[in-house]
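Colleague: Quick one: the structure is below, questions incoming.
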Amino acid sequence: MIDLTALTSLRAVAAHGSVVAAAEALGFTPSAVSQQVKRLERQTGVPLLERVGRGVVLSRHGRHLVDGGGRLLAGLEQLEAELHREAGAVAGRLRMTAFSTAVRGLVAPRLRLLIDAHPDLVVTLHECEPWDSIDLVASGQADIGVVHRWGDVPLAVPDHLASTSVAQDVADVVVHRDHPLARGEVVTPRDLLDEEWVATPEGTICRQWLHRMYDGTGRLPRIAHQSMEFDSHLALARARLGIALVPRLGRQPLGPDLVAVPVTDPVPTRDVVALHRRSMTDSPAVTAVLAALGD
Numbered sequence: 007m008i009d010l011t012a013l014t015s016l017r018a019v020a021a022h023g024s025v026v027a028a029a030e031a032l033g034f035t036p037s038a039v040s041q042q043v044k045r046l047e048r049q050t051g052v053p054l055l056e057r058v059g060r061g062v063v064l065s066r067h068g069r070h071l072v073d074g075g076g077r078l079l080a081g082l083e084q085l086e087a088e089l090h091r092e093a094g095a096v097a098g099r100l101r102m103t104a105f106s107t108a109v110r111g112l113v114a115p116r117l118r119l120l121i122d123a124h125p126d127l128v129v130t131l132h133e134c135e136p137w138d139s140i141d142l143v144a145s146g147q148a149d150i151g152v153v154h155r156w157g158d159v160p161l162a163v164p165d166h167l168a169s170t171s172v173a174q175d176v177a178d179v180v181v182h183r184d185h186p187l188a189r190g191e192v193v194t195p196r197d198l199l200d201e202e203w204v205a206t207p208e209g210t211i212c213r214q215w216l217h218r219m220y221d222g223t224g225r226l227p228r229i230a231h232q233s234m235e236f237d238s239h240l241a242l243a244r245a246r247l248g249i250a251l252v253p254r255l256g257r258q259p260l261g262p263d264l265v266a267v268p269v270t271d272p273v274p275t276r277d278v279v280a281l282h283r284r285s286m287t288d289s290p291a292v293t294a295v296l297a298a299l300g301d
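Each residue of the sequence shown is one higher than the last, beginning at 7 in our numbering.
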């Protein structure tokens, strides 16, 4: 009989590319993951990993087992969800991921109400970027992932994940109160051509959206400073070191020194989306979380 826990470890090795990375994602030690893979090799009688240089890759047998095992685990997950639905039980353990502003502005307050309403439900939360959430939910290492999608900036979601829109968020240009833009009711991208920006790093979804705002202007935004944290963006704007495009969701109070100016043409809008595997659609716990987030 194939050990399902060991199969989960092998899938994590396949998803993350190494035993060490799989162990970190699963919360195990690398030794424990290695032992589980070796247990699978003894049970199946075939080699599942092959050494390449200083790392490992799945063998042909390992890939076959991961592909087939994924369908097996999805079937078991669906069966468990159906059983809970028949029992009407909002119970068990769910692993959630969410991006930072959603944690502050959406998940934390709703999660408290959810747990109070369903004391037999245990929810654990891990803060991470949207692309990491997608990988974790897709590979079975998280159950619900809260991600964001800005306008027409693509976000690749695998077919076996279901998406539920739970909120919409808008970003404003935040400037120091002494900045000339602070006196306007709205700004457009053409008003911002010569401004210096505080932005998230290249490759992030927010940075891609900032670039899209400049489409049609013949210019690119002038990036003066980079930071992943919007609180840092506010601090730099407060010090008159640049302007920032900061979402309203989870935004800290601006205080007397900063002004948020709405943007138009286009309005920077993002959808906040909750992802889960389709095999968990019938789970009352998943349904309860989605309902709480969408209230």
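Using N, Cα and C, we set each Cβ at its ideal position, and we do this for glycine too. The structure displayed is predicted, hence computed values, not measured ones.
Leaving aside the five residues before and after residue 72 along the sequence, list all residues of the same chain whose C-beta is less than 7 Å from its C-beta, in chain order.
Modeller: 16, 17, 20 and 64
Colleague: Taking contact to mean 3 or more Cβ pairs, one atom from each stretch, closer than 8 Å, check whether the stretch 177–192 and the stretch 115–135 are in contact.
Modeller: The stretch 177–192, when compared against the stretch 115–135, does not touch it at the 8 Å Cβ threshold.
Colleague: Beta-carbon separation of residue 112 and residue 282 under 9 Å?
Modeller: no
Colleague: Rounded to whole angstroms, what's the CA-CA distance from residue 164 to residue 12? Just pull it up for me.
Modeller: 24 Å
Colleague: Assuming contact is defined by CB atoms lying nearer than 9 Å, are residue 298 and residue 152 in contact in what I supplied?
Modeller: no
Colleague: With 16 other CB atoms within 10 Å as the buried threshold, where does residue 49 fall?
Modeller: exposed
Colleague: For residue 148, does the three-state DSSP call read helix, strand or coil?
Modeller: coil
Colleague: Identify the residues that DSSP records as bridge partners of residue 170: which are they?
Modeller: DSSP, once it has assigned bridges, lists 280 as partnering residue 170.
Colleague: So, using beta-carbon positions, are residue 264 and residue 240 closer together than 9 Å?
Modeller: Yes.
Colleague: Assuming residue 55 is part of the beta strand (DSSP E), what are its boundary residues?
Modeller: It spans 55–58 - the beta strand (DSSP E) in which residue 55 sits, taken as one unbroken run.
Colleague: In whole angstroms, what separates the C-alpha of residue 100 from that of residue 193?
Modeller: 42 Å
Colleague: What does a CB cutoff of less than 7 Å around residue 140 pick up in its chain, not counting 5 residues either side in sequence?
Modeller: 151, 153, 163 and 281
Colleague: With three or more beta-carbon pairs closer than 8 Å as the criterion, would you say the stretch 198–210 touches the stretch 229–236?
Modeller: yes
Colleague: Excluding the 5 residues preceding and the 5 following residue 94 in the sequence, name in chain order all residues of the same chain whose CB lies nearer than 7 Å to its CB.
Modeller: 290
Colleague: What is the C-beta distance between residue 102 and residue 148, in whole angstroms, given that I count them as a contact (C-beta under 8 Å)?
Modeller: About 7 Å; that satisfies the 8 Å criterion.
Colleague: Please report the distance separating the alpha-carbon of residue 234 from that of residue 104.
Modeller: Taking the straight line joining both Cα atoms gives about 15 Å.
Colleague: Taking the straight line between their C-alpha atoms, what separation do you get for residue 54 and residue 42?
Modeller: When rounded, the distance between both Cα atoms is 11 Å.
Colleague: Just mark residue 37 as buried or exposed, buried being the case when its beta carbon has 16 or more other beta carbons within 10 Å.
Modeller: Exposed is the call here.
Colleague: Enumerated in chain order, which unbroken segments of the beta strand (DSSP E) with a length of 3 residues or greater are wholly contained in the stretch 176–209?
Modeller: Segments of the beta strand (DSSP E) lying fully in the stretch 176–209: 202–205.
Colleague: Tell me which residue opens and which closes the beta strand (DSSP E) that residue 131 is part of.
Modeller: 127–133
Colleague: Let me confirm a value: residue 119 is counted as buried when at least 16 other C-beta atoms fall within 10 Å, else exposed. Which label applies?
Modeller: exposed
Colleague: For residue 228, which residues does DSSP report across the bridge?
Modeller: 202
Colleague: Which residues in the same chain as residue 213 place their Cβ atom closer than 7 Å to its Cβ, once the five residues preceding and following it in sequence are excluded?
Modeller: 205, 206 and 207
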